[in-house]
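Enquirer: Protein chains in written order, with this note's numbering: chain X, 54 to 239; chain B, 261 to 548.
The beta carbon of each residue, even a glycine, is placed where N, CA and C say it ideally should be.
This is the structure, below, for whatever I ask next.
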Amino acid sequence: DPHLTFLRETMGIMQHHDAVTGTEKEKVALDYAKRMSVALRACSTNIRNVLNQFSTGPGSEPTSQRPFEFKTCTLLNISSCATSESSGPFALTLYNPLAHTTKEYVRVPVADYKYIVLDPTGKSLTTQVVPVPKPVAAIKHRNSIAEYELVFLASNLPAMGYKTYYIQRDDSSPVNIKPTALPKRE
Amino acid sequence: SSYTVIENENIKLTFDTNGFLSEVTADGMTRMISQEFLYYEGATGNNAEFLNRSSGAYIFRPKDNNIRFATDHVTIEVYKGSLVEEVHQKFNDWISQVVRVYKQSTYAEFEWLVGPIPIDDEIGKEVITRFKSDIKSEGVFFTDSNGREMIKRQRNHRDTWNVKLQETVAGNYYPITTKIALEDTIARMAILTDRAQGGSSLEDGALELMVHRRLLKDDAFGVGEALNETEFGEGLIARGKTHLFVGQSYLRADVSLKAIERLVQLETLLPSWKFFSNMELYTSDQWL
Numbered sequence: 054d055p056h057l058t059f060l061r062e063t064m065g066i067m068q069h070h071d072a073v074t075g076t077e078k079e080k081v082a083l084d085y086a087k088r089m090s091v092a093l094r095a096c097s098t099n100i101r102n103v104l105n106q107f108s109t110g111p112g113s114e115p116t117s118q119r120p121f122e123f124k125t126c127t128l129l130n131i132s133s134c135a136t137s138e139s140s141g142p143f144a145l146t147l148y149n150p151l152a153h154t155t156k157e158y159v160r161v162p163v164a165d166y167k168y169i170v171l172d173p174t175g176k177s178l179t180t181q182v183v184p185v186p187k188p189v190a191a192i193k194h195r196n197s198i199a200e201y202e203l204v205f206l207a208s209n210l211p212a213m214g215y216k217t218y219y220i221q222r223d224d225s226s227p228v229n230i231k232p233t234a235l236p237k238r239e
Numbered sequence: 261s262s263y264t265v266i267e268n269e270n271i272k273l274t275f276d277t278n279g280f281l282s283e284v285t286a287d288g289m290t291r292m293i294s295q296e297f298l299y300y301e302g303a304t305g306n307n308a309e310f311l312n313r314s315s316g317a318y319i320f321r322p323k324d325n326n327i328r329f330a331t332d333h334v335t336i337e338v339y340k341g342s343l344v345e346e347v348h349q350k351f352n353d354w355i356s357q358v359v360r361v362y363k364q365s366t367y368a369e370f371e372w373l374v375g376p377i378p379i380d381d382e383i384g385k386e387v388i389t390r391f392k393s394d395i396k397s398e399g400v401f402f403t404d405s406n407g408r409e410m411i412k413r414q415r416n417h418r419d420t421w422n423v424k425l426q427e428t429v430a431g432n433y434y435p436i437t438t439k440i441a442l443e444d445t446i447a448r449m450a451i452l453t454d455r456a457q458g459g460s461s462l463e464d465g466a467l468e469l470m471v472h473r474r475l476l477k478d479d480a481f482g483v484g485e486a487l488n489e490t491e492f493g494e495g496l497i498a499r500g501k502t503h504l505f506v507g508q509s510y511l512r513a514d515v516s517l518k519a520i521e522r523l524v525q526l527e528t529l530l531p532s533w534k535f536f537s538n539m540e541l542y543t544s545d546q547w548l
């Protein structure tokens, strides 16, 4: 409960009009960012515990023996995530906080363009890879090796429920071709 | 044709030879709609005089009512695939954007990236994105009230007194938390935001949203410093998304677009939470 309360209190602070509009002093903005970061890390313990309980289905081993680590990537909005950029396979769990079923085009930052995505039934999904744009002024400010974003459709995300997808590199598939821009029109 | 098109079965976006959006086809009609980035120069005044304050954190106050163009030519790259079609636009060294249409969506997504705003000329700048259409809105537009009801706004007008605006840009700006829209008897254009922004409709058929600001003077309203974040070097880069909806006017008794806007608004502001788990120790079969 102290973990949740820390995030609750931080969200209270973030409702100050300066926090909403970004009119606070610069040092205060940095403090807001730090508080949010600490609060989210504190709550990630709760989230991991809950998701590990959910992800133990009938017949599977107890979570105490095989706990998964559920990491949040707070820099996903700038196409950066340490787990998805590494070369190994990873799972992506989507929790839908809405009270109705939704679908979402998921974008995952990746270092390469050869990937396969499996849905919770083991079915391979249609994917597309697009390059992450590299505007001149922003290049030196990105601390990420993600060259591409992997796109797939997560359909039928249950209301206030979750779905998990398994994503791994796949060098053999002929459908994984390097994305290239269409020829320029003159 | 030298025009560039991205589309799905619901919406089609056409870009002209200079790389700007020029036309949108959706909901059974084609409308002239352009989109571009522009900026205002921030006012620098004498803060001791109330009517001569600088533009700053608390007040948006352009030096004059003139607007500056970020560029007149956009470099574009086009990517098309089975799930999404994208146009990557580069406006200048510090403004770029990706415009995309997903296969099943009824709207277009504009993911903008602005900054660090250059201040070598010692001029503070307030950057906007502007959508101009041929919709005859007659000065009326709508802004949301913290994501809930839409409030009717009339340009250069206040409901309860006769107003004569001295500063017609700042005086027509309103807070946008999630949505700004306008329409005539036939067509409607709505833009959803991903954050609180300032916005307005300064011409009939046009909607604008402020996306980034960098100012060199304090406005003397209490914050005590200029809105010029330099803690990590050159100033901030901001990245965000807007969603553009075009369709039949609400006035034609078609409520479907309204329902779709509302649904996308929810899904944009309350997206799925994403958790990543390293699976190096598990094959896909073991994971299943």
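Examine chain X for any beta-carbon lying closer than 9 Å to the beta-carbon of residue 538 of chain B, and answer yes or no.
Expert: Output row for residue 538 of chain B: interface = yes.
Enquirer: Less than 9 Å separating the beta-carbons of residue 344 of chain B and residue 362 of chain B?
Expert: Going by C-beta atoms, residue 344 of chain B is nearer than 9 Å to residue 362 of chain B.
Enquirer: Counting only runs of 3+ residues fully inside the segment 445 to 527 of chain B, write out the beta strand (DSSP E) ranges in chain order.
Expert: Qualifying beta strand (DSSP E) stretches, in chain order: 447 to 453, 457 to 460, 466 to 474 and 498 to 508.
Enquirer: Check the Cβ-Cβ distances between residue 194 of chain X and every residue of chain B, and say whether any is below 9 Å.
Expert: Yes, residue 194 of chain X lies at the interface with chain B (some Cβ there is under 9 Å from its Cβ).
Enquirer: Would you check if the distance between the CB atom of residue 169 of chain X and the CB atom of residue 154 of chain X is smaller than 9 Å?
Expert: Not in contact: residue 169 of chain X and residue 154 of chain X (Cβ atoms no closer than 9 Å).
Enquirer: Report the partner residues of residue 292 of chain B according to the DSSP bridge assignment.
Expert: In the DSSP output, where bridge partners are listed per residue, residue 292 of chain B has B:283.
Enquirer: Note down, in chain order, all residues in the segment 440 to 458 of chain B with a beta-carbon under 8 Å from any beta-carbon belonging to chain X.
Expert: Result list: 456.
Enquirer: Under 9 Å between C-beta atoms, does residue 106 of chain X make it to chain B?
Expert: No - not a single Cβ of chain B is within 9 Å of the one on residue 106 of chain X.
Enquirer: Where does residue 505 of chain B land, buried or exposed, given buried means 16+ other C-beta within 10 angstroms?
Expert: Flag for residue 505 of chain B reads buried.
Enquirer: Cβ of residue 467 of chain B within 9 Å of Cβ of residue 442 of chain B?
Expert: For residue 467 of chain B and residue 442 of chain B, yes; Cβs fall inside 9 Å.
Enquirer: Using the DSSP secondary-structure output, state which residues sit across from residue 345 of chain B in a beta bridge.
Expert: DSSP lists B:340 and B:361 as partners of residue 345 of chain B.
Enquirer: For a cutoff of 9 Å on Cβ pairs, would you count residue 510 of chain B as touching chain X?
Expert: By this cut-off, residue 510 of chain B is not an interface position.
Enquirer: Is residue 551 of chain B buried or exposed, if buried means 16 or more other CB atoms sit within 10 Å of its CB?
Expert: With chain B covering only 261 through 548, there is no way to say anything about residue 551 of chain B.
Enquirer: If you draw a straight line from the C-alpha of residue 208 of chain X to the C-alpha of residue 268 of chain B, how long is it?
Expert: If I take the Cα positions, the gap works out to 18 Å.
Enquirer: Answer with buried or exposed for residue 309 of chain B, where buried requires no fewer than 16 other C-beta atoms within 10 angstroms of its C-beta.
Expert: So residue 309 of chain B counts as exposed.
Enquirer: Considering only C-alpha positions, which residue in the set B:335, B:547, B:424 and B:292 is nearest to residue 353 of chain B?
Expert: Ranking the options by Cα distance to residue 353 of chain B, first place goes to B:335.
Enquirer: Where does residue 234 of chain X sit, in a helix, a strand or coil, going by DSSP?
Expert: Three-state result, residue 234 of chain X: coil.
Enquirer: Between residue 99 of chain X and residue 72 of chain X, what straight-line distance do the alpha-carbon atoms span, to the nearest angstrom?
Expert: Between residue 99 of chain X and residue 72 of chain X, the C-alpha separation is close to 26 Å.
Enquirer: Thinking C-beta only, is residue 88 of chain X closer than 9 Å to residue 63 of chain X?
Expert: Their beta carbons are under 9 Å apart, which means residue 63 of chain X touches residue 88 of chain X by this criterion.
Enquirer: Using Cβ-Cβ distances below 8 Å, what residues of the segment 522 to 536 of chain B are close to chain X?
Expert: Hits within the stretch, in order: 526, 527, 530, 531, 532, 533, 534, 535 and 536.
Enquirer: Comparing C-alpha positions only, which one of B:416, B:475 and B:510 sits nearest to residue 431 of chain B?
Expert: With distances taken between Cα atoms, residue 431 of chain B lies closest to B:416.
Enquirer: What's the C-alpha gap between residue 60 of chain X and residue 533 of chain B?
Expert: Each residue's Cα considered, the two are about 16 Å apart.
Enquirer: Pull up the distance between the alpha-carbon of residue 264 of chain B and that of residue 278 of chain B, whole angstroms please.
Expert: Their backbone Cα atoms lie some 10 Å apart in a straight line.
Enquirer: Answer yes if the segment 495 to 502 of chain B comes into contact with the segment 398 to 416 of chain B, meaning at least three C-beta pairs across the two stretches below 8 Å, and no otherwise.
Expert: No, they do not touch.
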